[in-house]
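> Numbering-wise (the numbering used here), the sequence shown opens with residue 1 and increments by one. Where is the CB? At the ideal position from N, CA and C, for every residue including glycine.
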Amino acid sequence: MLQSLRPLLTRILNPIAKYLNINPNIVTVISPFVALIAAYGYANHMLLLGTVAILFSGFLDVVDGAVARFHNRSSKFGAFLDSTMDRFADAIIYIGIIFGGYCDWFVGVLAIHSAICVSYVRARAESQGVDCNIGIAERAVRMIILMVGSLIGYFAGDIYFTYTIYLLVILSYFTVGQRIVYVWRQLK
């Protein structure tokens, strides 16, 4: 869904990547630790801290790939590590949200499950030779919705942030369905 922004992001990130001549896997591994800060913020009813930490974690998530591409250090292990750290970050953030009482534990577990399933379906499709970068709620979109929902919750009340979690569960499972149908059509 956000693929159309890739050329713009490349123009913005290349100058940053030029000066970050480090192993991109180091940047990748830092991201879940920033997600811990987001989880801490949510667990302690600091929605703004959660929002800023998710924003920074997302920034690191795009910078690691830019550094890898710019310095010709892309690797299969790097892609694997990036995807794995993204799953850790997703779960950590939702655990903080659950602990903060913004949603029922069951809804929080569904949020974690649905986020992981979106990525699993893509990975499984790609193992079958189908490029499956489709769907209404890819990770970047989910993180944007989570940040916007956090800000709305901060200014308008916690209940609006709770509604955001419900929306994310619905959109994530819808995306899983979209991907399953897409792969079915491709492999038919």
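For Val62, which residues in the same chain have their Cβ closer than 7 Å to its Cβ, ignoring the five residues on either side in sequence?
Along the sequence shown, one-based indexing puts residue 62 at 62. Here the set comprises Leu9, Leu13.
> In whole angstroms, what separates the C-alpha of Tyr182 from that of Val118?
Along the sequence shown, one-based indexing puts residue 182 at 182. Along the sequence shown, one-based indexing puts residue 118 at 118. Going by the C-alpha atoms only, they are around 13 Å apart.
> For a quick check, are the C-beta atoms of Ala35 and Ile93 less than 8 Å apart?
The residue labelled residue 35 in the question sits at position 35 within the sequence shown. The residue labelled residue 93 in the question sits at position 93 within the sequence shown. It is a contact, given that the beta carbons lie within the stated cut-off.
> Can you check which of these residues, Leu171, Ile145, Arg122, is closest to Gly58 by C-alpha distance?
The sequence position of residue 58 within the sequence shown is 58, counting from 1. Among Leu171, Ile145, Arg122, the Cα nearest to that of Gly58 belongs to Ile145.
> Taking 6 Å as the limit between beta carbons, can you name the residues of its chain near Thr84, skipping five residues before and five after?
Mapped onto the sequence shown, residue 84 falls at position 84. Correct list: empty, nothing qualifies.
> How far does the alpha helix (DSSP H) with Met85 in it reach, from first residue to last?
By 1-based counting over the sequence shown, the position of residue 85 is 85. Counting along the chain, the alpha helix (DSSP H) containing Met85 begins and ends at 76-99.
> In angstroms with no decimal places, state the Cα-to-Cα distance between Ile152 and Val29.
Counted from its first residue, the sequence shown places residue 152 at position 152. Counted from its first residue, the sequence shown places residue 29 at position 29. Their Cα atoms are separated by approximately 30 Å.
> Expressed to the nearest angstrom, what Euclidean distance is found between the alpha-carbon atoms of Asp158 and Gly41?
Taking the first residue of the sequence shown as position 1, residue 158 is located at position 158. Taking the first residue of the sequence shown as position 1, residue 41 is located at position 41. If you take the alpha carbons of Asp158 and Gly41, they lie about 14 Å apart.
> Assign Tyr19 to buried or exposed, taking buried as 16 or more other Cβ atoms, counted over all protein chains shown, within 10 Å of its Cβ.
Here the question's residue 19 lines up with position 19 in the sequence shown. So Tyr19 ends up on the exposed side.
> Give the range of the alpha helix (DSSP H) segment to which Arg142 is assigned.
To locate residue 142, count along the sequence shown from 1; it is residue 142. Start and end: 139-156.
> How big is the Cα-Cα spacing for Gly149 and Leu48?
Counting from 1 along the sequence shown, the entry for residue 149 is found at position 149. Counting from 1 along the sequence shown, the entry for residue 48 is found at position 48. Distance between the alpha carbons of Gly149 and Leu48 is about 11 Å.
> With a threshold of 7 Å on Cβ separation, who are the neighbours of Leu60 within its own chain once the five nearest residues in sequence on each side are excluded?
If you number the sequence shown from 1, residue 60 lands on position 60. Val27, Ile30, Ser31, Val34, listed in sequence order.
> Taking its Cβ as the centre, do 16 or more other Cβ atoms sit within 10 Å of Ser75, making it buried, or is it exposed?
Translated into the one-based positions of the sequence shown, residue 75 becomes position 75. The residue in question, Ser75, is exposed, as its Cβ has fewer than 16 Cβ neighbours within 10 Å.
> With a cut-off of 8 Å on the beta carbons, I'd call Cys103 and Ile16 a contact; round off their distance for me.
Numbered from its first residue, the sequence shown carries residue 103 at position 103. Numbered from its first residue, the sequence shown carries residue 16 at position 16. The Cβ separation is near 35 Å, so there is no contact.
> Keeping to the same chain, check which residues put their C-beta closer than 6 Å to that of Leu198; ignore five residues upstream and five downstream.
Since the first residue shown for the chain is 1 and the last is 188, residue 198 is missing from the structure and cannot be characterised.
> On the three-state DSSP scale, how would you describe His113?
Stepping through the sequence shown from its first residue, residue 113 is reached at position 113. Note: His113 maps to helix in three-state DSSP.
> Of all the options Ile54, Leu81, Arg179, which has the alpha carbon lying nearest to the alpha carbon of Asn23?
By 1-based counting over the sequence shown, the position of residue 23 is 23. The candidate whose alpha carbon is nearest that of Asn23 is Leu81.
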